[in-house]
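To keep things clear, I will list the structure first and then write my remarks on it.
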Amino acid sequence: MQRVTLPAKAIPKRWYNIAADLPVEFPEYSQTEEGKQLENLPKIFSSGVLEQEMSQKRYITIPKKVRKLYKKIGRPSPLYRAKGLEDHLDTPAKIFYKREDLSPTGSHKLNSALAQAYYAKKDKAEMLTTETGAGQWGSALALACNMMDIDCRVYMVQVSYQQKPYRKAVMQLYNGEIIPSPSDKTEYGRKVLAKDPDHPGSLGIAISEAIEDALKDEKTYYSLGSVLNHVMLHQTVIGLEMKKQLSLIDAEPDIMVGCVGGGSNLAGSIFPFVKDQLDGNINCKFIAAEPNSCPTLTQGEYRYDHGDTAGMTPLIKMYTLGHDFVPPSVHAGGLRYHGMSPLVALLAHEKIIEARTVTQTEIFETGKIFADVEGVIPAPESCHAIKVGMDEAIKCRREKEEKNIIITLSGHGLLDLQGYDDYLEGKLS
Ligand SMILES: Cc1ncc(COP(=O)(O)O)c(C=O)c1O
């Protein structure tokens, strides 16, 4: 068996909300006295996602329209056996990867973009603003807004805007408006540029710019591509599908790996299995893979911090490198984020999720091997997960263990070829 597919009718009917099953209480969001960030939430988010953000309901129905669009973008996504990689590593482990790279925009991000655009439209919003790092989230939201017939404005981190010029074309093809961040379009952007006109940008700054737009216009909502609870919720279609796929081949996960920026592809993949683990039904190791240049889970502090640089989001208890941290300009732009999903952070703090770091050279070496033996060119972000999965498979070889390793392939690398080219030419630091 090389590939486990599911029919369209197997697209989950409900998202799974781990807030109902946490081992400890979820730390409530808070605000600063002058910022009033909690009071601003209804001004920037649709009522649908805000309700989900705070919900304690274990399962939340996926609207019919969203399920229909999930079908249109090719869900359920297949689960592949990485036989080529197993042979290459000479491991007794079985390695599987979930193909989120096969969506029209090339990553898992559409799973939440479609839901967020749906709820915004339901509230009669006319525009969604957002940030994007690598461009995967911006592309997904531009397409989702186009499908829902609302406008989309994307603040794209300056350094990624330069590294991945064709992402701009993708967003424009879906009628999205792209603005490199920091920009002179917002008060906060101008403030950053006044201090440093060559600022490379960061996700935290781009978020502040997009929120500022939403606060200024009541027909404009803000949309976040990761971190918040409702985004983790929407992404659980990945894990819920995987559960069906693994049960079809009578397999249980021993190790599950995902890369983490704000935590959504990892959360979406593992949360339905974390429930099984907490219920005592499986014994699985959950691993978050992050860049050594932005080591939020491995070196950040577990404390309250803002999700953006200007301090416009509520205070969220998470692992953080500090909201003014500007990560080095690595190619894995989607992982250059100072904070983390508070749900992923809580589970990491409870030692239910462990974290590992990967270097930039390792990720491109990994991408080269994966392209060679599996035929798929992974996004630099996803290479973090593949690398950790490979390390685990090598450990299985040493210890002669036949474990099932499940990797989430969060995106393809076909618009990341500048990074791959630099690697092949020996120009990467
Ligand atoms: C391909 C890909 N994987 C992973 C991520 C990280 O986001 P998250 O941790 O929310 O899955 C991104 C973010 O842009 C991405 O583009």
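Going by the numbering used here, the first residue of the sequence shown is number 3, and it counts up by one from there.
Every residue, glycine too, gets a C-beta built ideally from N, C-alpha and C.
Query	Result
Exposure label - GLN301; buried when at least 16 CB within 10 Å	exposed
As assigned by DSSP and simplified to three states, the class of GLU254	coil
Ligand 1 heavy atom lying under 7 Å from the CB of GLU383	yes
Beta-carbon gap between GLU102 and ASN267 smaller than 8 Å	yes
CB contact flag (LYS166, GLY137, <8 Å)	yes
Beta-carbon contacts of CYS154 that lie in its chain and below 6 Å, excluding the five residues immediately before and after	LEU130, LEU143, ALA144, CYS147 and GLY178
HIS386 vs ILE365 beta-carbon contact at 8 Å	yes
At least 3 beta-carbon pairs within less than 8 Å: the segment 266-285 vs the segment 155-162	no
Alpha-carbon to alpha-carbon, PHE372 and THR378	For clarity, residue 378 is Val in the given sequence; the question names Thr instead. When rounded, the distance between both Cα atoms is 6 Å.
Any non-hydrogen atom of ligand 1 closer than 7 Å to GLN138 Cβ	yes
Same chain only: Cβ atoms within 8 Å of GLU404, ignoring 5 sequence neighbours per side	PRO94, ALA95, LYS96 and CYS398
The segment 112-131 contacting the segment 408-425, beta-carbon criterion three pairs below 8 Å	no
Spatially closest choice to VAL68 from MET150, PRO44, ALA312 and LEU43, by CA coordinates	MET150
Where the alpha helix (DSSP H) through MET158 begins and ends	Not the alpha helix (DSSP H): MET158 falls in the beta strand (DSSP E), residues 153-159.
Proximity test, GLY241 beta-carbon vs ligand 1 heavy atom, cut-off 7 Å	no
Contacting residues, own chain, Cβ-Cβ under 6 Å from ASP186 (five flanking each side not counted)	ARG192
HIS201 (DSSP reduced to helix, strand or coil)	coil
beta-carbon CYS154 near ligand 1 non-hydrogen atom, thresh 7 Å	no
Where ALA387 falls: helix, strand or coil (DSSP)	helix
Residue range of the beta strand (DSSP E) that includes GLU292	287-293
GLY178 beta carbon near ligand 1 (any heavy atom closer than 7 Å)	no
First and last residue of the uninterrupted alpha helix (DSSP H) at HIS351	344-351
Short Cβ contact (8 Å threshold) for LEU348 with CYS296	no
Closer than 7 Å: VAL378 CB and nearest ligand 1 heavy atom	no
8 Å Cβ cutoff met for ALA216 and ILE75	no
Whole-number beta carbon distance between VAL262 and PRO14, since they are thought to touch under 8 Å	Not a contact, Cβ separation roughly 23 Å.
Any 3 or more C-beta pairs closer than 8 Å across the segment 194-208 and the segment 115-127	no
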